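K.L.:
To start, I am sharing the structure in question, which I have written as structure tokens.
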Amino acid sequence: MDPVFFTIGSFEVHYYGLMYAIAFLLGIELAKIGGKRKGFDPALMENFAFIAMISGLLGGRLYYVLFNPTYYFSHPGDILAVWKGGMAIHGGILGGIVGTYFFAKKHKISMWSLGDIAAAPFILGQAIGRIGNFMNGEVHGVPTFTPFSVIFSIKPKFVEWYNTYNSLSLTAQMKFKELVPWGIVFPDSSPAGREFPGLALHPAMLYELILNFMAFLSIWFFFRHKNYKPGTVWFIYIIEYSLIRTFVSFFRSEDLMFYGFRAPHVISVILIIWSVSMIRYFNRKKAN
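Shown next as structure tokens:
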């Protein structure tokens, strides 16, 4: 696999940037379709999709840069090099919310209705973006021979186990068998290959791609057609993605930690509690 899709002279087109461009174009069309059902003008939905996606990209990149200060302070020229990878979805969600808020305020329309429209395009864009992660060899998982008792545990346990593995002789290391047959060996030039050279890894980015796409199907073909209170579909999206990220994070190797716990797990629990509370609040208002 190669992060570069094609090259013309010194000009390179990267899979990562290409996937976001595809997600952007699809997102605009989906927003127009979703907006039409709610009576919004297609031109307004085009503008909204543009603002939401740009603010989401900016939020995702800013979040990622702030949580990786050592590298970006040393390589400031890479801060804007999004085609090389490096987006944080929780930052993207926050950025998208900020952009949606100001757009809704400017046009005097319901922020929650816009959020419902954005839910399906957003999760589909996340799924497509994982193809770029795959080609970059990032957002990768741990070796496939890692015991499940280690994977489904607090992350430091994996570090301890992997250090023990590296201290073994080559003969002892060869006794470890893969627990799953679909592991992928990434090139040594990729982040995954540099961290785990020559080892088959859980393709965590592909796990998330599949689950995100399933979530998109549930929102697009089921939830968005229900007569919910505005904002409900958006928070269903938040709940679905939080559950997906909680599961996938068990297999990922590079998640940030927060007081001994995986940061995505902590954030996901907070988001689920918030989302359930908001859905109950909307329903209570409807009942009154």
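First residue of the sequence shown: 2, per my numbering; consecutive thereafter. Every residue gets a Cβ at the ideal spot worked out from N, C-alpha and C, and that includes glycine. This one's a predicted model, so the numbers in the text were calculated from it and none came from an experiment.
How far does the beta strand (DSSP E) with Ile9 in it extend, from its first residue to its last?
P.N.:
That run of the beta strand (DSSP E) goes Val5 to Ile9.
K.L.:
Counting only C-beta atoms, is Ile94 closer than 7 Å to chain C at any point?
P.N.:
No chain C is part of this structure, which consists of one protein chain only.
K.L.:
Output needed for Trp235: all residues of its chain with C-beta closer than 6 Å, excluding positions within five of it in sequence on either side, in chain order.
P.N.:
Answer for Trp235: Gly116, Asp117 and Ala120, listed in chain order.
K.L.:
For Leu207, count neighbouring Cβ atoms within 10 angstroms of its own Cβ and tell me buried if that reaches 16, exposed if not.
P.N.:
Buried, by the Cβ-count rule.
K.L.:
Would you mind sorting Pro198 into buried or exposed? The rule is 16 or more other CB atoms within 10 Å of its CB.
P.N.:
Pro198 should be labelled exposed.
K.L.:
How many Å lie between Ala53 and Lys176 at the Cα?
P.N.:
Between Ala53 and Lys176, the C-alpha separation is close to 50 Å.
K.L.:
From the DSSP secondary-structure annotation, give me the bridge partner or partners of His15.
P.N.:
According to DSSP, which records beta bridges pairwise, His15 is partnered with Val5.
K.L.:
Which of the three DSSP states, helix, strand or coil, is assigned to Gly142?
P.N.:
If DSSP states are grouped into helix, strand and coil, Gly142 belongs with the strands.
K.L.:
Could you check the C-alpha separation between Gly184 and Arg246 for me, to the nearest Å?
P.N.:
Approximately 20 Å, taken between the alpha carbons.
K.L.:
Do you know offhand how far Asn289's Cα is from Gly18's?
P.N.:
Because the pLDDT of Asn289 is 47, which lies under 50, any placement of that residue in the model is unreliable, and the number read from its coordinates should be weighed accordingly. Approximately 47 Å, taken between the alpha carbons.
K.L.:
So, is Gln174 buried or exposed, given that buried needs 16 or more other C-beta atoms within 10 angstroms?
P.N.:
That one is exposed.
K.L.:
Just tell me which of Trp162, Trp275, Leu218 and Ile9 has its CA closest to the CA of Gly126.
P.N.:
Comparing Cα positions, the closest option is Leu218.
K.L.:
Using the DSSP secondary-structure output, state which residues sit across from Met258 in a beta bridge.
P.N.:
Looking at the DSSP assignment, Met258 forms a beta bridge with Arg263.
K.L.:
Can the beta-carbon of Val143 be found closer than 7 Å to that of Ser254?
P.N.:
Contact: yes.
K.L.:
Return the CA-CA distance between Thr147 and Ile80, expressed in angstroms with no decimal places.
P.N.:
If you take the alpha carbons of Thr147 and Ile80, they lie about 34 Å apart.
K.L.:
Cutting at 6 Å between CB atoms, please list the residues of its own chain near Val181, excluding the five before and the five after it.
P.N.:
Counting only Cβ-Cβ distances below 6 Å, and skipping sequence neighbours, we find Thr145.
K.L.:
Going straight from the alpha carbon of Asn48 to that of Glu179, what length do you get?
P.N.:
Each residue's alpha carbon lies about 49 Å from the other.
K.L.:
Look at the Cβ atom of Ile240, then the Cβ atom of Ser190, and state whether they are nearer than 7 Å.
P.N.:
The answer is no: Cβ separation not under 7 Å.
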